[in-house]
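Colleague: Sending over a structure as C-alpha cells; questions will come in a sec.
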Amino acid sequence: MAAVGIVMGSDSDMAVMGKAAEVLDTFGIDYEMHIISAHREPDVFFDWAKGAEERGVKVIIAGAGMAAHLPGMCAALFPMPVIGIPMHTTSLGGRDSLYSIVQMPSGIPVATVAINGGKNAGLLAVKILAVSDPALLQKMKDYLKSLKEEVEAKDAKLQETGYRNYTK
Numbered sequence: 117m118a119a120v121g122i123v124m125g126s127d128s129d130m131a132v133m134g135k136a137a138e139v140l141d142t143f144g145i146d147y148e149m150h151i152i153s154a155h156r157e158p159d160v161f162f163d164w165a166k167g168a169e170e171r172g173v174k175v176i177i178a179g180a181g182m183a184a185h186l187p188g189m190c191a192a193l194f195p196m197p198v199i200g201i202p203m204h205t206t207s208l209g210g211r212d213s214l215y216s217i218v219q220m221p222s223g224i225p226v227a228t229v230a231i232n233g234g235k236n237a238g239l240l241a242v243k244i245l246a247v248s249d250p251a252l253l254q255k256m257k258d259y260l261k262s263l264k265e266e267v268e269a270k271d272a273k274l275q276e277t278g279y280r281n282y283t284k
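Our numbering numbers the first residue of the sequence shown as 117 and each following residue consecutively.
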C-alpha cells in the first residue's frame, strides 16, 4: 500500500513531480504516481481521488499549472492532507498556478509549496507521516542534521580559503 499519492495533470510536470518522488524514495516511503487530467478525464480522476484513502494513501501531492484545479479537487474529495505544487507556466510564470492553489475556499485547505517546489512537497509529506511514525521522525531529524552539517562545512571552507578563493 502506498502512503503517498502523487498526481499530475500532464507529463510536462514530471521533472518537478519526480523531485517529490526522489525524496520519498530517500526516506523509504511507498507511493503511487499517476498522470490524470481532472479536465480531460474527470471520471478517472474522481475514482482515483475518492479511492485513495481505501488504497492506504495518507497524503496526496498534486501538481498543476495554469488553472491548477487538480490539488483543490483532490482536497475536495480526499479527507486527509493534500500538498499542492504550482507549476511554472510560460504565460504568467506560475503565479496563476500559485494563486489558484493557495486561494482555496474556506473548508477545503491545500498546503501549498513554492512554484516548482517538488522537493519541498516531498519533505512536507515526510513530515506529515512522521507525526505518527517515530522511525520516520528520526530519519527526518537525521536529514535536518545533515543539512546543518553541509552549511557548517561550507562556512569552514569559506573561513579557510576566503571569499576570493572559495569557488576556485
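Here a beta-carbon is modelled for each residue, glycine too, at the ideal position from N, C-alpha and C.
Among 121, 227, 128, 172, which residue has its Cα nearest to the Cα of residue 182?
Modeller: By 1-based counting over the sequence shown, the position of residue 182 is 66. Of 121, 227, 128, 172, the residue nearest in Cα terms is 128.
Colleague: From what residue to what residue does the beta strand (DSSP E) around residue 200 run?
Modeller: Here residue 200 refers to the residue found at position 84 of the sequence shown. Segment 198-202, the beta strand (DSSP E) holding residue 200.
Colleague: If you reduce the DSSP assignment to three classes, tell me which class residue 157 lands in.
Modeller: Along the sequence shown, read from residue 1 onward, the residue named residue 157 stands at position 41. In the structure shown, residue 157 sits in coil (DSSP, three-state: anything other than H, G, I, E or B).
Colleague: Along the chain, which unbroken stretches of the alpha helix (DSSP H) at least 4 residues long are found entirely within the segment 220-275?
Modeller: 234-246, all fully within the segment 220-275.
Colleague: Can you tell me the Cα-Cα spacing of residue 282 and residue 188, whole angstroms?
Modeller: Along the sequence shown, one-based indexing puts residue 282 at 166. Along the sequence shown, one-based indexing puts residue 188 at 72. Residue 282 and residue 188: Cα-Cα distance of roughly 45 Å.
Colleague: List the DSSP bridge partners of residue 149.
Modeller: Here residue 149 refers to the residue found at position 33 of the sequence shown. According to DSSP, which records beta bridges pairwise, residue 149 is partnered with 122.
Colleague: Suppose the cutoff is 6 Å on Cβ atoms and the five residues either side in sequence are ignored; what does the same chain contact list for residue 124 look like?
Modeller: To locate residue 124, count along the sequence shown from 1; it is residue 8. Excluding residues within five positions, the ones whose Cβ falls inside 6 Å are 133, 151, 179.
Colleague: Figure out for me which residue from 215, 256, 120, 160 has the closest Cα to the Cα of residue 198.
Modeller: As a position in the sequence shown, residue 198 is number 82, starting the count at 1. Ranking 215, 256, 120, 160 by Cα distance to residue 198 puts 120 first.
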